[in-house]
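Quick note: to get the numbering used here, add 393 to the position in the sequence shown (first position is 1).
Ideal Cβ placement from N, Cα and C applies to all residues, glycine included.
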Amino acid sequence: MLRQVSNDLGTGGVRIISGVACLLQCVFALQAHAGEWDEAAWDWRAGDLIFRSGIDPMDDLIAQASEAEFGSVAIVRAGSGGPHVVYVDPLRGVTETMLDDFIADLGEENYAAYRVKDMADWGQGDSPISYNALLVAYGHDADRFRLLGGDAYYGAEMVFLAALGAGVALGASTKRAELAKNSPDLKEAFLADWQENPYCTYVTTRKECWSAIRGTAVLTSGAIQSDPGLEKVYPLPD
């Protein structure tokens, strides 16, 4: 279900094997490091979503154009030594780092944590959402063209699909032209390297490429953050 849009995984099956190996390693690490978690600023749970900016310039342009609070979104998971986050780095693709490192340079006003409402409490073990991010997306390339489907991912897409695999649909997509209508910079970013865009293979000009992609759907971190199925867990009002 999770990745039917990506040609039934195809060659991405190799990635799943890698993800399974990573997952098994995580299980052993959980046993070895039980009770040794680093403290976060909130009572974190696997599957929590972290929103921040400054990760991906395209995400930040989309956030600016759509007046969203933050550009990028990541998923918290349990891992060796403390909570980790799975996110999409524009150069390294779908990867992970320690939660502490992910927010180390940020004040509490510069990031926010949300949790899916009415989900089973998986505590500080792993949840279906974080499992899905590891098993399906981990290790794949970043999607610089922001196209749904295929073997590359962008951050909001990864989070949307990971949650969808757990039975939760977060956020609604927006047409590319709508996002860019008041942002020439975002339109330029959407058209960067247009000759390599899969939707523009058979066109010969930037104008024709824009005609081909302007109606395509883009998932955004802002739409996910504002979804009523999420509740904010950090920071909370005083």
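* Look up residue 507 in the DSSP assignment and give the residues it is bridged to. => BP columns for residue 507 point to 442, 625.
* With DSSP collapsed to three states, give me the class of residue 473. => Coil, per DSSP.
* Cα separation between residue 459 and residue 584? -> Inter-residue distance for residue 459 and residue 584 is about 18 Å (C-alpha atoms, whole angstroms).
* Assumed close pair residue 471, residue 627 - CB separation to whole angstroms, cut-off 8 Å -> Contact doesn't hold; Cβ gap of about 18 Å is too wide.
* Asked: For the 8 Å Cβ check, are there 3 or more pairs between the region 470 to 490 and the region 447 to 457?
  -> Short answer: they touch.
* If you pair each beta-carbon of the region 542 to 556 with each one of the region 510 to 530, do three or more pairs fall below 8 Å? -> Two segments are said to touch when three or more pairs of C-beta atoms, one from each, lie closer than 8 Å; by this definition the region 542 to 556 touches the region 510 to 530.
* Asked: So residue 566 and residue 463 are in contact, right, with Cβ under 8 Å, and what is the actual spacing, rounded?
  -> Not really, about 18 Å apart at Cβ, beyond 8 Å.
* Asked: How about residue 487 and residue 561: do their beta carbons lie closer than 9 Å?
  -> No; because the gap between Cβ atoms is not below 9 Å, this pair is not in contact.
* To do: Flag this pair as yes or no: are the beta carbons of residue 586 and residue 537 separated by less than 9 Å?
  => With a cutoff of 9 Å on beta-carbon distance, residue 586 and residue 537 are scored as near each other.
* Taking the runs of the alpha helix (DSSP H) that are 4 residues or longer, which of them lie wholly in the region 480 to 540? -> Fully enclosed alpha helix (DSSP H) runs of 4 or longer: 492 to 495, 521 to 525.
* **Through-space distance from residue 526 to residue 595, alpha-carbon basis** => Inter-residue distance for residue 595 and residue 526 is about 33 Å (C-alpha atoms, whole angstroms).
* To do: Can you grab the Cα-Cα spacing for the pair residue 456 / residue 474, in whole Å?
  => If you take the alpha carbons of residue 456 and residue 474, they lie about 32 Å apart.
* Asked: Which residues in the same chain as residue 622 place their Cβ atom closer than 7 Å to its Cβ, once the five residues preceding and following it in sequence are excluded?
  -> Taking C-beta separations shorter than 7 Å and ignoring five residues to either side along the sequence, the partners of residue 622 in its chain run 509, 510, 561, 563, following chain order.
* Alpha-carbon to alpha-carbon, residue 608 and residue 489 -> For residue 489 and residue 608, the distance between alpha carbons rounds to 32 Å.
* **residue 577, enclosing alpha helix (DSSP H) - first and last residue** => Taken as a continuous stretch (DSSP letters only), the alpha helix (DSSP H) holding residue 577 covers 577 to 583.
* To do: Would you tell me roughly how many angstroms separate the C-alpha atoms of residue 532 and residue 598, rounded to the nearest one?
  => So the alpha carbons of these two residues sit roughly 33 Å apart.
* To do: Note down the Cα distance separating residue 629 from residue 442, rounded to an integer number of angstroms.
  => So the two alpha carbons sit approximately 15 Å from each other.
* To do: Per DSSP, which residues does residue 465 bridge with? Please list them.
  => Answer is 445.
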